[in-house]
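Step one of this worksheet: look at the structure below.
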């Protein structure tokens, strides 16, 4: 995996020769988004694929594969720069925006929780369902999860400095937007509404 990802992350020579580093936004975004992606992978594993429409089962497999690949890329950045795989405070990197906008504030507002995340109750309920009911809940949860991921990526874009990381982040937005639209069509075919967001 390391060789395949090497073109996607700044190499150690580039760090020394060009002064390329990961800023707080790149580090925090990679930590939080990889954790966010992990839940999407769990969600695909909690779906009883043998009981659902093969179209939904295939979609779940594709989402899982995409998210696992992106987790590897983001954790590759963190490993390269010897940074922790997870952050202590989710979404703390977004405080940069608040800090620049409200310089006079005595203390920054607490960072929000990662958007779109399912609860353990949601995941356990998905694990217990089969057939059409499982399809509907999976699509609802994953659509809300994608909404959160897209919003996180949009928030990160103006804070990122590395062109490579910005390009990969834009790719995440594009891929998840396309998947979101497809899931919306499948959910509509099943006569079910989207879940409230956020």
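In full-length UniProt numbering, the protein residues as written are 1 to 198. We put the beta carbon where it would ideally sit given N, CA and C, even for glycine. It should be emphasised that the depicted structure is a prediction, and the values quoted were computed from it without experimental measurement.
| Check | Outcome |
| --- | --- |
| Simplified DSSP state of residue 52, which is helix, strand or coil | coil |
| Own chain partners of residue 165 with C-beta closer than 6 Å, once the 5 adjacent residues on each side are dropped | 26 |
| Stretch pair the stretch 70 to 79 + the stretch 29 to 38: three plus CB contacts closer than 8 Å | yes |
| Alpha-carbon spacing of residue 163 relative to residue 90, whole angstroms | 24 Å |
| Through-space distance from residue 189 to residue 84, alpha-carbon basis | 43 Å |
| Cα-Cα separation between residue 152 and residue 114, rounded to whole angstroms | 8 Å |
| Cut-off 7 Å between Cβ atoms - residues of its own chain near residue 68, not counting five sequence neighbours on either side | 41 |
| Nearest neighbour of residue 196, chosen from 167, 145, 183 and 168 [CA to CA] | 145 |
| Selection from 39, 191, 161 and 117 that minimises the alpha carbon distance to residue 70 | 39 |
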